[in-house]
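What follows is one structure encoded as structure tokens, with my remarks underneath.
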Ligand SMILES: NC(=O)c1ccc[n+]([C@@H]2O[C@H](COP(=O)([O-])OP(=O)(O)OC[C@H]3O[C@@H](n4cnc5c(N)ncnc54)[C@H](OP(=O)(O)O)[C@@H]3O)[C@@H](O)[C@H]2O)c1
């Protein structure tokens, strides 16, 4: 089978297309022929060495993919050949709170990922994907969608009528906007691009603020809520946006701390106690959360926003496109 291997984590060009022997599923495992994968900002961190020296090299990158079960190992009950499945980001986080053991099973980081024509998953590490989704759409769910879902409905509790603030137009934020609209919540979104602002409005954002031209975007966000502040922030910027998020959130509101796309920055942590803000760290989610999310996606007919699809052989180009930040929503890879 063909795979992409990261032999040194020194950048996108260090990804090498190569051959490995076709894998076979052991007891309790399933073999999946991959149909599509999707990219996450985290994949850029992995290939550029941002995970530190602990990365097991050579590594097959990428956490998110969907495909068809072609063979099951002894004792497998949850799936059968022909089933359409996606791998779970953590191969051994089925339910309950995350553990060290679960965290050590992250695809495309701690262990080999999905940028391979055939992948062996744990039986517990796959979910059936909603029937109405195509392969590229299904491949968007394991990390970005589940992270937004966990923040809003598992660890968090976004309710109809509440106001949610999203940052930028990457995978996590666009899913958060879509889920908020499903739940009857109002969305204030930030972006650096006027063209993307239009797309955010078309997806149902009630207010869009350009964070480049309005550095203190917490002010218009608060003004939109008549001075009260937003109920929930999907914090994908990290340290560079946290100060504005703490100013934008209402007293007693929630900030889901998810990412770090905005780089370094200074913030005053005292806002957290002064305003009784609940800051929750989110690390993707469990299989049970994934299945909860898939029920909502199936019931609502929600379709992930796939910006662009690249061929398997173009994985490096796909990562460069993600790196450019030109995308809106998700970037996917289609297998032959
Ligand atoms: N904790 C977890 O479990 C988890 C899971 C998934 C992702 N993450 C993290 O969450 C972050 C987002 O991931 P992703 O895959 O959704 O990223 P992505 O698709 O690559 O999105 C990148 C987008 O971030 C926006 N952005 C950049 N700087 C910004 C700023 N200063 N303020 C607001 N938006 C800014 C840009 O949007 P515009 O072009 O609209 O400006 C850019 O297009 C990453 O740090 C990732 O590592 C964490």
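In our numbering, the protein residues as written are 420 to 755.
Ideal placement from N, C-alpha and C gives every residue a C-beta, glycine not left out.
Since the model is a prediction, treat every value here as computed from it, not as a measurement.
Residue i, buried or exposed, once every other Cβ within 10 Å from all chains shown has been counted against 16
| i | result |
| --- | --- |
| residue 496 | exposed |
| residue 499 | exposed |
| residue 457 | buried |
| residue 476 | exposed |
| residue 743 | exposed |
| residue 551 | exposed |
| residue 752 | buried |
| residue 581 | buried |
| residue 692 | exposed |
| residue 650 | buried |
| residue 695 | exposed |
| residue 528 | buried |
| residue 516 | exposed |
| residue 637 | buried |
| residue 494 | exposed |
Euclidean distance between Cα positions of residue i and residue j
| i | j | result |
| --- | --- | --- |
| residue 383 | residue 690 | Residue 383 falls outside the range modelled here, since the chain spans only 420 to 755, and no answer is possible. |
| residue 539 | residue 686 | 43 Å |
| residue 481 | residue 645 | 42 Å |
| residue 522 | residue 708 | 16 Å |
| residue 675 | residue 653 | 5 Å |
| residue 662 | residue 442 | 48 Å |
| residue 575 | residue 453 | 32 Å |
| residue 440 | residue 420 | 6 Å |
| residue 542 | residue 749 | 27 Å |
| residue 436 | residue 501 | 27 Å |
| residue 434 | residue 736 | 11 Å |
| residue 559 | residue 640 | 29 Å |
| residue 679 | residue 537 | 32 Å |
| residue 671 | residue 430 | 42 Å |
| residue 512 | residue 544 | 8 Å |
| residue 594 | residue 700 | 18 Å |
| residue 416 | residue 617 | Since the first and last residues shown for the chain are 420 and 755, residue 416 lies out of range. |
| residue 657 | residue 606 | 19 Å |
| residue 739 | residue 726 | 14 Å |
| residue 510 | residue 472 | 22 Å |
| residue 683 | residue 741 | 20 Å |
| residue 732 | residue 655 | 30 Å |
| residue 664 | residue 460 | 21 Å |
| residue 719 | residue 464 | 33 Å |
| residue 486 | residue 505 | 6 Å |
8 Å Cβ cutoff met for residue i and residue j
| i | j | result |
| --- | --- | --- |
| residue 620 | residue 548 | no |
| residue 705 | residue 518 | no |
| residue 483 | residue 561 | yes |
| residue 446 | residue 490 | no |
| residue 604 | residue 577 | yes |
| residue 622 | residue 586 | no |
| residue 531 | residue 479 | yes |
| residue 533 | residue 488 | no |
| residue 703 | residue 572 | no |
| residue 667 | residue 565 | no |
| residue 425 | residue 466 | yes |
| residue 745 | residue 677 | no |
Nearest-angstrom Cβ-Cβ length linking residue i and residue j, presumed shorter than 8 Å
| i | j | result |
| --- | --- | --- |
| residue 455 | residue 754 | 6 Å |
| residue 697 | residue 673 | 5 Å |
| residue 525 | residue 468 | That pair is no contact at about 17 Å. |
| residue 681 | residue 659 | 3 Å |
| residue 579 | residue 602 | 6 Å |
| residue 591 | residue 567 | 5 Å |
| residue 713 | residue 546 | 6 Å |
| residue 422 | residue 555 | Not a contact, Cβ separation roughly 19 Å. |
Where the alpha helix (DSSP H) containing residue i begins and where it ends
| i | result |
| --- | --- |
| residue 593 | 590-601 |
| residue 505 | Segment 503-506 is the beta strand (DSSP E) holding residue 505; no alpha helix (DSSP H) there. |
| residue 536 | Here residue 536 belongs to no alpha helix (DSSP H), and DSSP marks it neither H nor E. |
Host beta strand (DSSP E) of residue i (start-end)
| i | result |
| --- | --- |
| residue 629 | 626-629 |
| residue 605 | 605-610 |
| residue 674 | 668-676 |
| residue 653 | 649-654 |
| residue 751 | 749-753 |
| residue 489 | 483-491 |
| residue 697 | 697-700 |
| residue 456 | 448-457 |
| residue 421 | 421-425 |
| residue 495 | Neither: residue 495 is in no beta strand (DSSP E) and is coded neither H nor E. |
Ligand 3 heavy atom lying under 7 Å from the CB of residue i
| i | result |
| --- | --- |
| residue 679 | Ligands in the displayed structure: ligand 1; ligand 3 is not one of them. |
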